[in-house]
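Heads up: the structure comes next, in structure tokens.
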Amino acid sequence: MVKRIVSILIIFSITSIAWMILGGKTQSRTYGQHQKLFERVEGLWGSVHAQTAPAFSYTTKITKEVQKETEDEQGKKIKKRETSVKTLTTKVFPESSDVTADFDLTHRKKGLLWYDTYRVNFHAAYTVKSPLARQEHFRMLFQFPAKDANYDNIRLTVSGRAVDITDLSTGEISVPFVLGPYETARIEIGYGSQGLDKWFYRFGEGVNRVKNFSLTMQTNFAEIDFPQDTISPTAKEKSAGGWKLQWKYSDLISGFQIGMDMPNKLNPGPLASQISFFAPVSLLFFFFVVFMISAIKNIRIHPMNYVFLAAAFFAFHLLFSYTVDHLNIATAFAISSVVSLFLVISYLRIVVGARFAAIEAGISQFIFLVLFSLAHFFEGYTGLTVTIGAIITLWVMMMLTARINWEEQFKAS
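At position 5 of the sequence shown the residue is numbered 5 (the numbering used here), and the sequence of numbers has no breaks.
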């Protein structure tokens, strides 16, 4: 029996090395072209959007006469008056901001990875009040969220008057408008665009103060997540297929921003490599159960039989790794599971009999290979699944082998 155990451990070790190679190869296939594919998706769809609030300002010309002392051609000192004009730019903060952003998430697949691509319909209305007792020329500078992006249906009005946008080469819009003494203007701007991964709304650089601010975000996805250093919504409401989120503040001072991290779709490449790296655990449980049950029932299974059982297990991961980039993940997983189960059951049916192959070996393989691998589909539950499986397996084996005289078993072998 000792020689048989050592042989089985050697088979297990060699198969584990093969799984490490397969997992590494799958990772290489997944991430080897990641940067190139990511840039390709950016070029076709768009990049991360970071929409900054527009900057409002007015300029004041300050005229100042300065008396300077110079020398003429004869060297005599003369006094000369010069006029200097200095332009002073003063920022004006909006009295209110009403922003809406509607998202339509549509994932795109390249290679073995899914990319979080989305469409966004953005609209914002800003109220600006002149702090001056005179008429003055104001200016709004609005920067688009990304230079490498497409923008459709751009809309801009100043106090209800449509403004024609002619130059977008710099990725920003500069709009002049005139306000009388303490007059208020309402500036509205909107567009449709496409982005990737994340979306941000920035109040500005550093710490900013905003008054009467409202941002409403509508999503068509239920799994919402907020990037680091962003503000959580003040209210959220479940809607058909997604969420209606709202950020509302009367007087906010903050150095953070508002953002949305688009939910990730289950990526086939990383999933296949994780399952391959985890495979030795599944095989160890399977070998342990088959070995113990064969000892209980006095069934002799030669180490060479374990070689073919290990190969049948390996076939699952090999097939899954190379079908997952051509088929739906669930379909590839189902096909790989059926093929591996068929190999093991049909082989053991000839070696030891149909009942042992279908019941003891078949159920064990389904639990330790199929269900343990399936746990990787649910992020964060793999460890818990293995722990529960290990405890149940230990208890079952303890109950089944409690009456076995192991000293006689080792002597008999």
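Virtual Cβ for every residue (Gly too), placed ideally from N, Cα, C.
Run through the DSSP bridge pairs and tell me what residue i is partnered with.
| i | result |
| --- | --- |
| residue 128 | 185 |
| residue 86 | 62 |
| residue 50 | 200 |
| residue 208 | 254 |
| residue 194 | 119 |
| residue 217 | 101 and 245 |
| residue 378 | In DSSP, residue 378 forms no bridge with anything. |
| residue 70 | 78 |
| residue 57 | 91 and 139 |
| residue 114 | 109 |
| residue 162 | 157 |
| residue 261 | 198 |
Who are the near neighbours of residue i in its chain, counting only those whose CB is closer than 6 Å to its CB and skipping five residues on each side?
| i | result |
| --- | --- |
| residue 33 | 111 |
| residue 216 | 100 and 246 |
| residue 373 | 275 |
| residue 397 | 292 |
| residue 214 | 98 and 248 |
| residue 464 | With the chain covering 1 to 413 only, the question about residue 464 has no answer from this structure. |
| residue 267 | 113 and 114 |
| residue 138 | 58, 177 and 179 |
| residue 169 | none |
| residue 218 | 102 and 244 |
| residue 251 | 211 |
| residue 382 | 375 and 376 |
Got a sec, what are the start and stop residues for the alpha helix (DSSP H) residue i sits in?
| i | result |
| --- | --- |
| residue 383 | 382 to 401 |
| residue 100 | Element bounds for residue 100: not the alpha helix (DSSP H) but the beta strand (DSSP E), 96 to 105. |
| residue 295 | 268 to 296 |
| residue 303 | 303 to 323 |
| residue 36 | 34 to 45 |
| residue 335 | 329 to 351 |
| residue 362 | 362 to 365 |
In the DSSP assignment, find the beta strand (DSSP E) that holds residue i and state where it starts and stops.
| i | result |
| --- | --- |
| residue 246 | 242 to 254 |
| residue 138 | 136 to 143 |
| residue 25 | Careful: residue 25 lies outside any beta strand (DSSP E), inside the alpha helix (DSSP H) at 2 to 31. |
| residue 177 | 172 to 179 |
| residue 239 | 235 to 239 |
| residue 154 | 151 to 158 |
| residue 147 | Counting along the chain, residue 147 falls outside any beta strand (DSSP E), and DSSP gives it neither H nor E. |
| residue 109 | 108 to 110 |
Leaving out five residues before and five after residue i in sequence, what residues of the same chain have Cβ atoms less than 8 Å from its Cβ?
| i | result |
| --- | --- |
| residue 181 | 130, 132, 133, 134 and 135 |
| residue 327 | 335 |
| residue 91 | 55, 56 and 57 |
| residue 255 | 206, 207 and 208 |
| residue 83 | 63, 64, 65 and 66 |
Taking residue i and residue j to be in contact with their CB atoms under 8 Å, please state how far apart those CB atoms are, rounded to whole angstroms.
| i | j | result |
| --- | --- | --- |
| residue 156 | residue 165 | 6 Å |
| residue 231 | residue 253 | Rounded, the Cβ-Cβ distance is 12 Å, inconsistent with contact. |
| residue 242 | residue 222 | 6 Å |
| residue 306 | residue 8 | 5 Å |
| residue 361 | residue 345 | 7 Å |
| residue 202 | residue 50 | 6 Å |
| residue 284 | residue 12 | 7 Å |
| residue 296 | residue 404 | 7 Å |
| residue 227 | residue 265 | That pair is no contact at about 18 Å. |
| residue 317 | residue 358 | Residue 317 to residue 358, Cβ: 23 Å. No contact. |
| residue 315 | residue 348 | About 15 Å; that fails the 8 Å criterion. |
| residue 364 | residue 290 | 7 Å |
| residue 189 | residue 144 | Going by Cβ atoms, the distance from residue 189 to residue 144 rounds to 10 Å, so no, they are not a contact pair. |
| residue 269 | residue 30 | 3 Å |
| residue 41 | residue 108 | 6 Å |
| residue 70 | residue 62 | So it is not a contact: roughly 24 Å between Cβ atoms. |
| residue 117 | residue 19 | The pair is not a contact, with the Cβ atoms about 33 Å apart (cut-off 8 Å). |
| residue 324 | residue 332 | 4 Å |
| residue 60 | residue 95 | Not really, about 21 Å apart at Cβ, beyond 8 Å. |
| residue 204 | residue 52 | 7 Å |
Leaving aside the five residues before and after residue i along the sequence, list all residues of the same chain whose C-beta is less than 7 Å from its C-beta, in chain order.
| i | result |
| --- | --- |
| residue 321 | 22, 26, 272 and 276 |
| residue 370 | 337 |
| residue 159 | 185 and 186 |
| residue 220 | 103, 104, 105, 241 and 242 |
| residue 154 | 165 and 191 |
| residue 393 | 285 and 289 |
| residue 174 | 139 and 141 |
| residue 303 | 4, 7, 8 and 11 |
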